[in-house]
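This report concerns only the one structure given below.
2 protein chains.
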Amino acid sequence: MLIRVFVSVIILAGVSAASADPLPSWNETDAKERIIEFVTGVTDVGSDTYVTPADRVAVFDNDGTLWAEQPFYFQALYAFDRIARMGDAEPSILTSDTLKAAAAGDMQGALAQGEEGLLEIVTVSHSGLSVDAFQEDVRDWLERARHPTTDMPYDEMVYQPMLELLSYLRDQDFKTFIVSGGGVHFMRAFAEEAYNIPPEHVIGSQLESSYQVLEGVPTVVKEPGIAFIDDKAGKPVGIDAKIGKRPIFVGGNSDGDFAMLEWSTAGDGPRFGLIVHHTDADREFAYDRDGPVGKLAQGLDEGPDRGWLIVDMKEDWSQIWP
Amino acid sequence: MLIRVFVSVIILAGVSAASADPLPSWNETDAKERIIEFVTGVTDVGSDTYVTPADRVAVFDNDGTLWAEQPFYFQALYAFDRIARMGDAEPSILTSDTLKAAAAGDMQGALAQGEEGLLEIVTVSHSGLSVDAFQEDVRDWLERARHPTTDMPYDEMVYQPMLELLSYLRDQDFKTFIVSGGGVHFMRAFAEEAYNIPPEHVIGSQLESSYQVLEGVPTVVKEPGIAFIDDKAGKPVGIDAKIGKRPIFVGGNSDGDFAMLEWSTAGDGPRFGLIVHHTDADREFAYDRDGPVGKLAQGLDEGPDRGWLIVDMKEDWSQIWP
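Protein sequences appear in the order of chains A and B. Residue numbers 1 to 322, in my numbering, belong to the letters of the first sequence in order. Residue numbers 1001 to 1322, in my numbering, belong to the letters of the second sequence in order.
This is the structure in structure tokens:
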């Protein structure tokens, strides 16, 4: 009798797990159906689209795909904050108009020099200290900084539907990676807590590093030069270099993700490409073809014909933030 | 009755698994005892040296640590072979004495120009083709090439005791990585089959790569420039960049591994450093302070005082090859 009850409980638990909605913050639209259909197909041993767990690699861009990126990349806002603090401590480090503008929180002034100015900002704010000290500084900033319009902590501006998608994929024995133009050390400071993605699954842009024994302490130090830009054509290159397998599931939101979407979905067998389209000015932001951040044109124009899912944030997501 | 038999079988299986020797090719010496004591300590929840599975990161050099490296790095022997084939097909590519010597299998001549010559050999033999085509070529070579003195296939010259150590660590929820001066694409061509280490756990030196759509096919292509040398101070830098955690178990065999041993074992909490000392001229090779390959001097001089285990291949291993 006891055994029979026990068996029944197991069966009921199984049924309940199978019928639970893995994506509760996704509306009952085509987008959700297509994702579930794909995942079901690659995980069902009897299916002709079955993929072994070792090859279930999923990669996601970060800015605009897993967390927000308006009014500007959060990592740049961190850089402004750090330069302001460095300038308070030692004003002589503010050697250019770009750095002075950054320290004053004047985004337009700081970005007036384009990529060159951004590089100066990143270099000054992200080098000359150990990786450990840098990541502690990022975590301190995340604790106290608030977003200029939502007043939320930045690491709470992550997309609940994407958190559910990450969990769903991992539950189905996918390995989930971040592949982002953001800095690898910056993202690792919060990726494990925010997304349940461990450091070794975070791929990003990198400054040079050096190994030094400083006063007897073996230390990895962040250096000024750029080692790798993980954007556009750099994304498939970074995935090849660090994962060594072509992902079967890839998510992005801007044309910086086009090359990795193109390369990943061109592989043999079942592949899924997904683009988050920011269409919800009320609950988040609405932007695509214009503006300095998250430009999406080629992906909108060519994505549907390539079979990629364009997620309409306003229509497809019932909830934005956790 | 049936249930009782079933339960007994489970209990017996459990006892047998617990008492099975995880390192049967290691002699009953101090080395084996120290390894098992460390692993037991970090995996026993009740121990004050317990480490959570997420932090059980183990890294190993490849050449001379997991497989042999005499008379010269096997990857260089592959490069000679490939240059010979390229020269047969198109003699005009052999534009220097170094390349002519490589094509003729004249190791001394090929290495007469030192690092500069080696770089030329690697560049010519390892670039100008897709990653996929390169790895297929490496696998073809492994199929047919034989070691000059043992006449064994190169990928069978892996150390059985180290295979057991890798398995033992993984069974205890360690993640095992290769961190080697060898090329990342070269090693991935055999690492999964030889060591059960998947591509995303292989870290190595890298040439530049590019992403190109060639006749409509999205492709990652190997390019001539050196992107990263994963040797000496490059090893902690590479581990930080790709894993983002300081390993708690690290194994090497040469002074090229000194920095990663130093950095890893300087971390907080329990750490284990291991150096394979090649002492067995009869069964493998005997070398340390001299010679062009696998130089080990600082590790022998300072390792014991730093608490690192020096594995005496002749004394500590009952078997070399699988």
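Here a beta-carbon is modelled for each residue, glycine too, at the ideal position from N, C-alpha and C.
message: Give me, in chain order, the residues of the same chain whose beta-carbon lies closer than 8 Å to that of I1050 (chain B); leave out the 5 immediate sequence neighbours on both sides.
response: Correcting the residue identity first, residue 1050 (chain B) is Tyr in this sequence and not Ile. If we look at Y1050 (chain B) and ignore the five residues flanking it on each side, its Cβ neighbours are G1041, V1042, T1043 and D1044.
field: Residue range of the beta strand (DSSP E) that includes P1322 (chain B)
entry: Neither: P1322 (chain B) is in no beta strand (DSSP E) and is coded neither H nor E.
- request: Output, in chain order, the set of chain A residues within a Cβ distance shorter than 8 Å of K1242 (chain B).
  value: E200 and K242
field: Same chain only: Cβ atoms within 8 Å of A1112 (chain B), ignoring 5 sequence neighbours per side
entry: D1097, T1098 and A1101
task: Starting from the beta carbon of Y195 (chain A), find every residue of chain B whose beta carbon is closer than 7 Å, and list them in chain order.
output: Going along chain B, no residue has its Cβ under 7 Å from Y195 (chain A), so there is no contact; the nearest lies around 14 Å.
message: Just list the residues that DSSP pairs K1222 (chain B) with in beta bridges.
response: B:S1209
Same chain, Cβ closer than 8 Å to R306 (chain A), neighbours up to 5 away in sequence not counted: L261, E262, T265 and G273
Cα-Cα separation, R82 (chain A) to M162 (chain A): 29 Å
- prompt: Are any of the Cβ atoms in chain B nearer than 8 Å to that of Y159 (chain A)?
  reply: no
task: Would you decide whether G182 (chain A) is buried or exposed? Buried here means 16 or more other CB atoms lie within 10 Å of its CB.
output: buried
query: Where do the ends of the alpha helix (DSSP H) carrying A110 (chain A) lie?
result: M107 to A110
Chain-ordered chain B contacts of P236 (chain A) [CB-CB under 8 Å]: Y1211, P1218 and V1220
- request: Determine, using beta carbons only, whether R1188 (chain B) comes closer than 8 Å to chain A.
  value: yes
message: Please tell me whether A58 (chain A) and F190 (chain A) are closer than 8 Å, where the distance is taken between their beta carbons.
response: no
field: Chain-order list of residues whose beta-carbon lies under 6 Å from that of F249 (chain A) (same chain, five-residue window excluded)
entry: A58 and F272
task: Could you tell me which chain B residues have their CB closer than 8 Å to the CB of V122 (chain A), listed as they occur along the chain?
output: Chain B residues near V122 (chain A): none, gap ~16 Å exceeds 8 Å.
Secondary structure of I203 (chain A), DSSP reduced to three states: strand
message: Below 8 Å on C-beta distance, what does V1138 (chain B) contact in chain A?
response: Those within 8 Å of V1138 (chain B) in chain A number zero; the least Cβ separation is about 13 Å.
message: Which residues in chain A have a C-beta closer than 8 Å to the C-beta of Q1206 (chain B)? List them in chain order.
response: A241
task: Could you list which residues in chain A have their beta carbon closer than 9 Å to that of K1032 (chain B), in chain order?
output: Under the 9 Å cutoff, chain A gives no residues; its nearest Cβ is about 28 Å from K1032 (chain B).
query: If you pair each beta-carbon of the stretch 223-233 of chain A with each one of the stretch 25-38 of chain A, do three or more pairs fall below 8 Å?
result: no
Completely contained alpha helix (DSSP H) runs for the stretch 1096-1143 of chain B, where each covers 4 or more residues: 1097-1103, 1107-1110 and 1114-1126
message: Taking the straight line between their C-alpha atoms, what separation do you get for V1213 (chain B) and I229 (chain A)?
response: 19 Å
query: Can you tell me whether DSSP reads H277 (chain A) as helix, strand or coil?
result: strand
message: Excluding the 5 residues flanking F1080 (chain B) on each side, which residues of the same chain have their C-beta closer than 7 Å to its C-beta?
response: A1102, G1105 and A1110
- request: Output, in chain order, the set of chain B residues within a Cβ distance shorter than 7 Å of A54 (chain A).
  value: P1198
message: Between V1158 (chain B) and W1067 (chain B), how many whole angstroms is the CB-CB distance? I'm expecting something under 8 Å.
response: 4 Å
task: At 7 Å on the CB atoms, spell out the chain B contacts of A259 (chain A), in chain order.
output: Y1211
query: Buried or exposed: where does P1236 (chain B) fall if 16 or more other Cβ atoms within 10 Å of its Cβ makes it buried?
result: buried
- request: Look at E1200 (chain B) and I121 (chain A) and say whether their C-beta atoms are less than 8 Å apart.
  value: no
- prompt: Does the beta-carbon distance from P1153 (chain B) to L1169 (chain B) come in below 8 Å?
  reply: no
message: Can you tell me whether S16 (chain A) is buried or exposed? The criterion is at least 16 other CB atoms within 10 Å of its CB, across all chains shown.
response: Bear in mind that a pLDDT of 47 at S16 (chain A), under 50, signals an unreliable position, so the model cannot answer this.
query: Rounded to a whole number of angstroms, what is the C-alpha to C-alpha distance between V39 (chain A) and K1245 (chain B)?
result: 31 Å
query: With DSSP run on the structure shown, which of helix, strand or coil describes V311 (chain A)?
result: strand
Span of the beta strand (DSSP E), counted from its first residue to its last, around V250 (chain A): F249 to G252
field: Interface flag, M131 (chain A) vs chain B, CB-CB below 8 Å
entry: The amino acid at residue 131 (chain A) is misidentified as Met; the sequence shows Val. For V131 (chain A), the answer is yes, since a Cβ of chain B falls inside 8 Å of its Cβ.
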